[in-house]
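Everything below concerns the one structure shown next.
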Amino acid sequence: MKQATALFTCCLLAVCGVITATESKPNVLFILADDLGARDLSNEGSTFYESPHIDRIANMGMKFTRGYAACQVCSPSRASILTGKYPVNVGITTWIGDQSGEAWRKSNRNDSHLPPEYEHNLRASEWTLAEVLRDAGYRTFFAGKWHLGSNGSWPTDHGFEINQGGWDAGSPRGGFFSPYQNPNLKDGPRGESLPIRLGQETASFIEANKDKPFLAYLSFYSVHGPIQTSQSLWHKYREKAVAHGLAEERFLFDRRLSVRQVQDCPIYGGMIESMDEAVGIVLKKLDDLGLMDNTIVCFTSDNGGVSSGDAFSTSNLPLRGGKGRQWEGGIREPFYIYAPRVTNPRSQSDIPASGIDWYPTLLELVGVKVPTDQAVDGVSLVPVLKGDAIETRPLYWHYPHYGNQGGEPSSIILEDDWKLIYYHEDQRYELYNVAKDVGEQNDLLAAEPDRAMSMRTRLTEWLTVTNAKFPTPDSRFDPAKRDARWEMLSTSGKRRLEAQHAAFLAEEYKPNDDWWGSSLAD
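And the structure:
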């Protein structure tokens with residue numbers, strides 16, 4: 004049925020004149036960072052990190068200053084980009100591999116609820132962006148992190164003809180330097196940089212397919228943990244941090260976990276530079292081949308920067324929180340589109356854009372219709388790219404899980420400047436005006452009861468229509484144990500974090516003898 008629909012769709016497009024000659028089809032380069040925060044780039048205001056090549060993408064086309072991921076963790080957001088659907092409608096509502104149901108107790112977090120079950124593989128029935136473009140005559144290529152299922156649900160099972168590095172794992176099993184321990188990426192010379200290798204693989208694909216329309220999907224493992232860099236880059240960013248002045252304290256305990264308040268991690272700074280260098284390799288290849296004027300270039304991330312949990316590596320200020328959390332720091336992203344002959348250089352839009360919008364936007368840009376049996380939730384942003392507007396709409400998030408980074412099971416509705424958060428544990432709400440209060444410090448629930456009620460009604464209706472699953476109370480919950488854990492994290496846990504991150508900047512810092520293997524390349 005899927006193949007028959009594809010044939011019908013392509014024939015219909017040909018009759019309608021939407022699909023033009025092969026030479027006129029624009030190429031698509033989609034670049035996806037992992038765990039990169041909304042303030043982790045120099046063009047987004049960071050004075051510590053350096054990202055000239057990624058900044059170039061923002062400057063060539065349109066930057067959405069209110070760009071959002073579809074979820075505060077990775078797998079759901081990645082599924083949304085490829086399908087145009089909200090995570091709840093794809094069935095992947097947390098990162099694949101996360102515990103659910105009674106198995107959640109194994110985490111020893113003593114939480115009050117048990118998260119619901121979810122899909123562990125991207126459904127074969129979904130029409131992915133790669134499948135639609137492949138059937139429209141595009142060569143399709145994937146490099147890097149997949150994390151949308153196990154063998155049988157890898158990139159080549161979902162429309163990508165070539166896969167370099169995409170498989171089950173959500174982080175680089177062998178670290179960021181070869182050997183990679185990746186069944187779908189051949190090891191390079193010992194110490195080879197993973198992001199550079201992925202950039203080179205993408206550039207090689209573009210070179211080999213320069214005379215055909217292509218989708219090159221570069222999905223970095225960077226800057227997900229484990230955070231690792233070379234000694235030379237550590238030294239560069241350590242000197243930069245010292246020159247800026249070292250903070251006495253880097254963390255603030257916010258509700259359930261400490262949150263980084265300062266951008267000064269030299270390891271993370273080196274990781275951003277390596278990823279940016281890899282982006283530069285790909286952009287240079289487009290330049291050298293004369294393809295930039297016929298290639299749509301996109302850049303975004305899958306969730307907020309890791310200010311809590313994992314490696315505690317960055318600060319998203321002035322946004323509150325980060326990856327895994329329900330506040331703006333967990334879901335706001337860099338969101339850039341360069342579309343030749345459509346976007347104007349250095350243009351910006353403050354219209355909220357979501358990860359669900361990439362799919363219909365890119366298909367319209369290349370002149371391919373959305374398959375009739377793909378019920379897309381997103382809208383095309385092409386009118387915005389041209390300087391017009393789109394109809395005002397609410398955006399939704401549903402994350403009925405616990406983030407490893409302190410996030411709480413919650414659902415969200417965003418309408419214009421207003422954001423309502425519903426917490427599933429105790430059925431409370433928070434209401435923020437994120438235009439005036441981007442740090443979400445002033446809960447206006449009591450001051451705006453009518454607005455809160457109307458938004459609550461729409462959120463409830465959406466959750467009902469989507470058949471959303473919810474966490475359930477844990478009969479074994481012991482609030483004393485949970486509170487004791489939070490007390491430990493806010494005291495001795497915070498002190499350990501402060502000491503660890505101060506040590507990253509010590510003049511004598513040395514993680515191991517070969518700097519995670521990077522020195523083997525010297």
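Residue numbers (the working numbering): 4 to 525. Even glycine gets a Cβ: it sits at the ideal position worked out from N, Cα and C.
Per-residue burial, residue i [other beta carbons within 10 Å of its own, 16 or more giving buried]
i, result
"residue 247", "exposed"
"residue 456", "exposed"
"residue 88", "buried"
"residue 468", "exposed"
"residue 58", "buried"
"residue 387", "buried"
"residue 153", "exposed"
"residue 93", "buried"
"residue 478", "exposed"
"residue 495", "exposed"
"residue 369", "buried"
"residue 66", "buried"
Secondary structure of residue i, DSSP reduced to three states
i, result
"residue 348", "coil"
"residue 389", "coil"
"residue 301", "strand"
"residue 150", "coil"
"residue 213", "coil"
"residue 201", "helix"
"residue 238", "helix"
"residue 375", "coil"
"residue 196", "strand"
"residue 167", "strand"
"residue 335", "strand"
"residue 208", "helix"
"residue 138", "helix"
"residue 284", "helix"
"residue 269", "helix"
"residue 52", "coil"
"residue 436", "strand"
"residue 230", "coil"
"residue 489", "helix"
For residue j and residue i, the rounded distance between their alpha carbons
i, j, result
"residue 151", "residue 341", "27 Å"
"residue 77", "residue 499", "27 Å"
"residue 485", "residue 312", "17 Å"
"residue 14", "residue 414", "Confidence is the limiting factor: at residue 14 the pLDDT is only 40, short of 50, which leaves the residue's position unreliable, though a coordinate-based value still follows. Each residue's Cα considered, the two are about 41 Å apart."
"residue 371", "residue 345", "16 Å"
"residue 130", "residue 490", "47 Å"
"residue 349", "residue 475", "47 Å"
"residue 510", "residue 235", "13 Å"
"residue 317", "residue 198", "19 Å"
"residue 38", "residue 220", "17 Å"
"residue 319", "residue 132", "30 Å"
"residue 228", "residue 71", "21 Å"
"residue 443", "residue 104", "31 Å"
"residue 116", "residue 441", "29 Å"
"residue 406", "residue 74", "11 Å"
"residue 315", "residue 360", "29 Å"
"residue 217", "residue 293", "15 Å"
"residue 148", "residue 517", "25 Å"
"residue 210", "residue 296", "15 Å"
"residue 416", "residue 119", "20 Å"
"residue 232", "residue 60", "24 Å"
"residue 321", "residue 214", "45 Å"
"residue 290", "residue 208", "15 Å"
"residue 515", "residue 497", "24 Å"
Residue i at chain C interface by Cβ criterion, 8 Å
i, result
"residue 125", "Absent from the structure is chain C; it holds one protein chain and no more."
Those residues which DSSP pairs with residue i across a bridge
i, result
"residue 295", "DSSP lists no partner for residue 295."
"residue 357", "71"
"residue 482", "BP columns for residue 482 are empty, so no partner."
"residue 254", "263"
"residue 65", "340 and 350"
"residue 31", "218 and 299"
"residue 413", "402 and 426"
"residue 418", "421"
"residue 117", "475"
contact_flag[the stretch 422-437, the stretch 379-387] where n(CB pairs < 8 Å) is 3 or more: no
Contact the stretch 299-317 vs the stretch 333-347: 3+ CB pairs below 8 Å: They touch, by the three-pair rule.
Three or more C-beta pairs below 8 Å linking the stretch 32-48 and the stretch 100-110: no
Any 3 or more C-beta pairs closer than 8 Å across the stretch 431-438 and the stretch 136-145: no
Three or more C-beta pairs below 8 Å linking the stretch 499-509 and the stretch 253-262: yes
Stretch pair the stretch 260-270 + the stretch 183-194: three plus CB contacts closer than 8 Å: no
Contact between the stretch 315-329 and the stretch 282-295 (3+ Cβ pairs under 8 Å): With a cut-off of 8 Å, the stretch 282-295 and the stretch 315-329 do not count as touching, because too few Cβ pairs lie within range.
Inter-stretch contact at 8 Å, needing at least 3 Cβ pairs: the stretch 348-368 / the stretch 385-398: yes
Segment contact, 8 Å Cβ cut-off, at least three pairs: the stretch 118-128 with the stretch 194-203: No, because fewer than three Cβ pairs between the stretch 118-128 and the stretch 194-203 fall closer than 8 Å, the two stretches do not touch.
Any 3 or more C-beta pairs closer than 8 Å across the stretch 155-170 and the stretch 226-245: By the Cβ test, the stretch 155-170 is not in contact with the stretch 226-245, since fewer than three Cβ pairs between them sit closer than 8 Å.
contact_flag[the stretch 258-267, the stretch 48-58] where n(CB pairs < 8 Å) is 3 or more: yes
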